[in-house]
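Here's the structure we're looking at; comments come further down.
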Amino acid sequence: MKQRRLGLALAGAASVAFLVGTSTAAPPQPVAAQEGVTYVYRVPAPLGQKAQDLLARGFDVLEQRDGDDLFVLGSKETHTRLTEAGFNGAVESVMAPPSSTLKTQGHGVTETYYGGYRTVKAHHAHLDQVARRYAHLATVVDYGDSWRKTQGAGGYDLKAVCLTRKSRGDCRLTPDVRKPRLVVSGQIHAREITTGDMAWRWIDHLTQGYGKDAEVTSLLDTTEIWVVPIANPDGVQIVQSGGDSPKLQRKNANHANGPKECPTTQDPGAQVGVDVNRNFDAQWGDNGTSSDPCHQVYRGPSPDSEVETRALEKLFRSLYPDTRGPAVTDPADPRTRGMVVTMHSALNVVLLPWGYTTTPSPNDGPLRAMAKDMAALAGPDWQYGQPGELLYTAGGSIDDWVYGELGVPHYTWEIGNWQGDCAGFLPAYSCQDGHWAKVKPMLTYAAKKAANPYGG
147 MKQRRLGLAL AGAASVAFLV GTSTAAPPQP VAAQEGVTYV YRVPAPLGQK
197 AQDLLARGFD VLEQRDGDDL FVLGSKETHT RLTEAGFNGA VESVMAPPSS
247 TLKTQGHGVT ETYYGGYRTV KAHHAHLDQV ARRYAHLATV VDYGDSWRKT
297 QGAGGYDLKA VCLTRKSRGD CRLTPDVRKP RLVVSGQIHA REITTGDMAW
347 RWIDHLTQGY GKDAEVTSLL DTTEIWVVPI ANPDGVQIVQ SGGDSPKLQR
397 KNANHANGPK ECPTTQDPGA QVGVDVNRNF DAQWGDNGTS SDPCHQVYRG
447 PSPDSEVETR ALEKLFRSLY PDTRGPAVTD PADPRTRGMV VTMHSALNVV
497 LLPWGYTTTP SPNDGPLRAM AKDMAALAGP DWQYGQPGEL LYTAGGSIDD
547 WVYGELGVPH YTWEIGNWQG DCAGFLPAYS CQDGHWAKVK PMLTYAAKKA
597 ANPYGG
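Count along the sequence shown from 1, then add 146; that gives the number in the working numbering.
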């Protein structure tokens, strides 16, 4: 291992929004008539130390910013905790109690929850179906096991699919290959359900379009496109167990480092598990992480402690050669091939390394230029930049590990927004057509850039 120092109003039919002012006077108490399971608080926390202090306190800070304000998910009691910590939290919205007990519908590849979102079982069945129907294009790879599976407590295989017009040597788990590679992953944060659907649609777009769509055909003739639709399946199983009232599980299911159940009397967002996207060995333990096993950004007991993290790192090492030197200031080789995109929600931004600091990376110029292009393809409401420029800084992320360890460009896409009927973690399934219209050209662009990302 190289030694380097490397949104949102919760929308959907279940949420009832109301706005409260954010003056410097004493912040308002939650209104009794708006009783609900969880609240979203608007909290003044400008970029810099104030934002980092909010994260360090262990609040469930959503990946959303509006000017100087961040947003925190919590209970009525969270308001008191914010006040005691020196923050002025104003109620932005309230999630009403669950109105339905309906769980999943269908079976196999048709198994869905919450109006059409596919379960983990459906995603895995979909990969197998694609491999059967398009044997000349698709290879399914089992790249590890989830934490629950390693404990004999259910769980899942960790699965990816390689899509390309197959010829000798394609889709091998070795970095020395003929074709450039794009990797796209979804639901590393389980509750960000839009991202799994985008992965499903991308797989279908490529396989169903080959031989019919000239652009798709050219891509699969020249490029390997790897898709990990569900990077955190144990977490997604918890989300989908809520059925029409999905549970807001962010992390994996590993409770070995703390209580099997986190107390929710003070904070309904408290949950077991490790934040896989704070567990990578890249500035692990830095800003934007927590040592409390019940906090949303719990980083785990050590870097790479999680089987999901180690499996992803092993997969990336098997797909890409290392093209960066050992120093943090070493740029990637200009001949580097490949691209990695990790999809999140919901902010309508393209994020680039570094994530742990606002200092530009040694390849900032081309990385920022590509981010600008991607944001422009998505639409005028999208922004781009480093996390510390748009949200807050955080250590242990997949962004900094992929770029820092291998030199391969990595982008985090925060798909969606925090206003309107299709906002937040839980948009109605009908909203995904609109998201896909923006994401498809971005994915196509990323696939085309994989051959020579730093070369212009």
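The C-beta atom is built at its ideal place from N, Cα and C for all residues, glycine as well.
query, result
"Is the separation between the beta-carbon of GLY292 and that of GLY301 shorter than 8 angstroms?", "It should be noted that the sequence gives Ser, not Gly, for residue 292. Contact flag set, yes."
"May I have a chain-ordered list of the beta strand (DSSP E) segments no shorter than 3 residues that lie completely inside the region 241–315?", "284–291 and 303–309"
"State yes or no: is the C-beta of ALA306 within less than 8 angstroms of the C-beta of VAL373?", "yes"
"Which one of ALA478, LEU493 and LEU536 has the shortest CA to CA distance from PRO512?", "ALA478"
"Where THR256 and GLN383 are concerned, what is the direct C-alpha to C-alpha distance, given to the nearest angstrom?", "16 angstroms"
"Please classify PRO192: does DSSP put it in a helix, a strand, or coil?", "coil"
"Unbroken alpha helix (DSSP H) runs of length 4 or more, entirely within the region 436–494: which are they?", "453–465"
"Kindly indicate which three-state DSSP category THR320 falls into: helix, strand or coil?", "coil"
"Classify ASN598: buried if its beta carbon has 16 or more other beta carbons within 10 angstroms, exposed otherwise.", "exposed"
"Distance check for THR363 and GLY431, CA to CA, integer angstroms please.", "43 angstroms"
"With DSSP collapsed to three states, give me the class of ASP206.", "strand"
"Quick check on GLN429: does DSSP put it in helix, strand or coil?", "coil"
"Cβ atoms of PRO392 and TYR260: under 8 angstroms apart, would you say?", "yes"
"Going by other Cβ atoms of all chains shown within 10 Å of its Cβ, with 16 needed for buried, is ASP427 buried or exposed?", "buried"
"State the Cα-Cα distance for the pair GLY194 and ALA457, rounded to the nearest angstrom.", "33 angstroms"
"Report yes if the CB atom of LEU201 is closer than 8 angstroms to the CB atom of GLY531, and no otherwise.", "no"
"Pick from LEU365, THR340 and ARG203: whose alpha carbon is nearest that of ASP579?", "THR340"
"For GLN395 and CYS408, what's the separation of their Cα atoms in angstroms?", "12 angstroms"
"Between VAL422 and ALA377, what straight-line distance do the alpha-carbon atoms span, to the nearest angstrom?", "9 angstroms"
"Taking buried to mean at least 16 other C-beta atoms within 10 Å of its own C-beta, is GLY167 buried or exposed?", "Here GLY167 scores only 28 on pLDDT, less than 50, and its place in the model should not be relied on; the value that follows carries that caveat. By the neighbour-count rule (16 or more Cβ atoms within 10 Å), GLY167 is not buried but exposed."
"Would you report the Cα separation of PRO106 and LEU523, rounded to the nearest angstrom?", "As shown, the chain starts at 147 and ends at 602. That puts residue 106 outside it, with no answer to give."
"Out of curiosity, what's the CA-to-CA distance linking PRO449 and SER543?", "11 angstroms"
"How would you call HIS272, buried or exposed, if buried means at least 16 neighbouring beta carbons within 10 angstroms?", "buried"
"Check each candidate in VAL189, LYS249 and TYR263 and name the one with the smallest Cα separation from ALA231.", "VAL189"
"Taking 8 angstroms as the threshold (C-beta atoms), are MET520 and GLY332 in contact?", "no"
"Can you tell me whether ILE334 is helix, strand or coil according to DSSP?", "coil"
"Determine the direct distance from the alpha carbon of TYR557 to that of GLU370, and round the result to whole angstroms.", "18 angstroms"
"Near GLY235, which residues of its chain fall below 8 angstroms by C-beta distance, leaving aside the five closest residues on each side in sequence?", "PRO173, TYR187, ARG188, VAL189, VAL218, THR224, HIS225, LEU228 and THR229"
"If you draw a straight line from the C-alpha of GLN175 to the C-alpha of VAL240, how long is it?", "Residue confidence is low: GLN175 scores 30 on pLDDT, short of 50, so the model does not pin down where it sits. Its coordinate-derived value is still stated next. Cα-Cα distance, rounded: 13 angstroms."
"For ASP510, which of PRO555, ASP527 and VAL487 has the nearest alpha-carbon?", "PRO555"
"So THR504 and GLY484 are in contact, right, with Cβ under 8 angstroms, and what is the actual spacing, rounded?", "So it is not a contact: roughly 25 angstroms between Cβ atoms."
"Whole-angstrom Cβ separation of ASP390 and TYR263, contact assumed at under 8 angstroms?", "That pair is no contact at about 10 angstroms."
"Could you compute how far the alpha carbon of LYS337 sits from the alpha carbon of SER437?", "The sequence shown places Arg at residue 337, not Lys. Roughly 21 angstroms separates the two Cα atoms."
"Quick check on ASP215: does DSSP put it in helix, strand or coil?", "strand"
"Where GLY419 and GLY204 are concerned, what is the direct C-alpha to C-alpha distance, given to the nearest angstrom?", "14 angstroms"
"When you compare each of GLN251, PRO447 and ARG318 to ALA284 by their alpha carbons, which one comes out closest?", "ARG318"
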